[in-house]
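Residue numbers (our numbering): -10 to 295. Cβ coordinates follow ideal geometry from the N, Cα and C atoms, glycine included. Please read these numbers as outputs of a predicted model, since none were measured by experiment.
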Amino acid sequence: MTFEVTILGSTAAVPLYNRHPTAQFVQYENTCLLFDCAEATQIQILKYKKKASKIDHIFISHLHGDHYFGLLGLLSSLSLQKRTDILHIYAHAGLAEILTVTFRHSHMNFTYPLEFHEIVPETEQVLFENDQILVRAFPLRHRIACHGFVVEEKQRQRKLIKEKMLVDFTIPEILALKNGENVLREDGTVLSVEYFTQHFEPRRYAFCTDTVYTESILPYISHANLLYHEATFLDDMTDYALMTGHSTARQAAEIAKKAQVKRLILGHFSIRYLNLEPFLSEARPIFPETYLASEGLSFEIKPSVW
Ligand SMILES: [Zn+2]
Ligand SMILES: [Zn+2]
């Protein structure tokens, strides 16, 4: 089961040559999600050979322009390409107003249905769910209403391996084996979980931007396989980060360590930093498994089996 995050934009509010504001293409098997949709996201999708037509769910963290100014262009292009599948957008209520006014004045006739799902400020919500994953929103602390998202893989049930079915199982035995427990029969026979497929530990990806350092997010991101956390500034600008509703590389690393995640991606870099190596130098002593977001870079979340 493919689970992969591709960075389409790594910078904060203003683009730089080769650095774009926030957007990420998240793929779980055949389900494609877009997290944020900054200016020129559709160009980035083309550049990195992703298919915009495969995206059925777009999640917008908050209504600062560097997180959604590319949405209107993308929606318009999908219509010009004659999309017919429903497209779901998850965002705070203001975005529905912005879209409605724009469509009214541009007389856009969409070829596909657009369904808007409101994210309610300061709440935790399950936004989307299918039989493989769910996407949960949780509140961040920023200058306006802002949410992080976590993609959670559902637990897959163990299945019996037919070739190994040498004995008849009772239903309670099957249930116990599916839960990973060996069964001891009265005659001393041990039924082992070997009769079943391997157990996969459910994987999780957490996306946190924009936000100040806040431990209130720990319950949502705890033990995630991969965490994206904004790091707009370096440590010498901690006060300014707090004032503008952002975090530093050191703070992102502290959060990753406290949440006991497996890997951390830093992003949303201020354009004042042309060299990003100091972000790694600051974060890695605290959380060694730290990486820099970079346009076109993909992070695969591999299954762990036990
Ligand atoms: Zn931002
Ligand atoms: Zn913002």
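Query raised in the report: For GLY59 versus ALA27, is the C-beta spacing smaller than 8 Å?
Result: yes
Query - Coarse secondary structure for THR89, derived from DSSP in three states - result: helix
Requested in this report: Would you mind listing the beta strand (DSSP E) stretches within the segment 211 to 269 that are 3+ residues and don't spill past its ends, in chain order?
Outcome: 215 to 219, 252 to 256
Query - Beta-carbon contacts of ALA2 that lie in its chain and below 6 Å, excluding the five residues immediately before and after - result: ASP55
Report task. Kindly indicate which three-state DSSP category ILE44 falls into: helix, strand or coil? Result -> strand
Query raised in the report: When a residue counts only if its C-beta is closer than 6 Å to some heavy atom of ligand 2, which residues count, in chain order?
Result: HIS51, HIS53, HIS131, ASP199
Report task. From the DSSP output, in three-state form, read off GLU271 for me. Result -> helix
Query raised in the report: With DSSP run on the structure shown, which of helix, strand or coil describes GLN121?
Result: coil
Query - Best match in ILE78, LEU215, LEU286, THR200 for proximity to THR221 [C-alpha to C-alpha] - result: THR200
**Report entry** Nearest neighbour of HIS81, chosen from THR20, ALA282, HIS106 [CA to CA]
**Finding:** HIS106
Query raised in the report: Looking at LYS251 and LEU281, is the spacing between their C-beta atoms short of 8 Å?
Result: no
Query raised in the report: In whole angstroms, what separates the C-alpha of HIS77 from that of ALA85?
Result: 12 Å
Query raised in the report: Does ligand 1 have even one heavy atom less than 7 Å from the beta-carbon of ALA220?
Result: no
**Report entry** Outcome for GLU18 when other beta-carbon atoms lying within 10 angstroms are tallied against a minimum of 16
**Finding:** exposed
**Report entry** Separation of TYR229 from ILE47, as counted between CA atoms
**Finding:** 31 Å
Requested in this report: Report the three-state DSSP secondary structure of PRO161 (helix, strand or coil).
Outcome: helix
Query raised in the report: Does the distance from the C-beta atom of LEU(-3) to that of TYR37 stay below 8 Å?
Result: yes
Requested in this report: Out of CYS21, LYS40, HIS136, ASP25, state which residue places its alpha-carbon closest to the alpha-carbon of SER66.
Outcome: LYS40
Query raised in the report: Cα separation between GLY256 and PHE92?
Result: 32 Å
**Report entry** Spatial distance of PHE258 from PHE268 (CA atoms)
**Finding:** 9 Å
Query raised in the report: Alpha carbon to alpha carbon, what distance is there between ASP45 and ILE75?
Result: 7 Å
Requested in this report: Can you give me the Cβ contacts of GLY285 inside the same chain, cut-off strictly under 6 Å, excluding the 5 residues immediately before and after it?
Outcome: TYR37
Query raised in the report: Is the beta carbon of TYR1 within less than 7 Å of some heavy atom of ligand 1?
Result: According to the sequence as given, residue 1 is Ala; it is not Tyr. Correct: ALA1 has its Cβ closer than 7 Å to ligand 1.
Report task. Inspect the beta-carbon positions of PHE99 and LEU149 and report whether they are closer than 8 Å. Result -> no
Query raised in the report: Mind checking whether THR203 and ARG130 have CB atoms under 8 Å apart?
Result: yes
Query raised in the report: Does the Cβ of PHE55 lie closer than 7 Å to at least one heavy atom of ligand 1?
Result: The question names Phe, yet the displayed sequence has Asp at residue 55. Checking the Cβ of ASP55 against ligand 1 gives yes.
Query - For HIS53, the nearest candidate out of LEU265, ILE206, GLN33, ASP25 (CA to CA) - result: ASP25
**Report entry** Cβ separation of GLY137 and SER50, assumed to be a contact under 8 Å, to the nearest whole Å
**Finding:** 7 Å
Report task. Within 10 angstroms of the Cβ of HIS235, are there 16 or more other Cβ atoms? Answer buried if so, exposed if not. Result -> buried
Query - Terminal residues of the alpha helix (DSSP H) in which GLN16 lies - result: Element bounds for GLN16: not the alpha helix (DSSP H) but the beta strand (DSSP E), 12 to 17.
Query raised in the report: In three-state terms, what does DSSP make of GLY59?
Result: coil
Query raised in the report: Taking C-beta to C-beta, are PHE(-8) and ARG192 nearer than 8 Å?
Result: yes
Query - The beta strand (DSSP E) enclosing ILE32, as first and last residue numbers - result: ILE32 -> not in any beta strand (DSSP E); alpha helix (DSSP H) instead, spanning 30 to 36.
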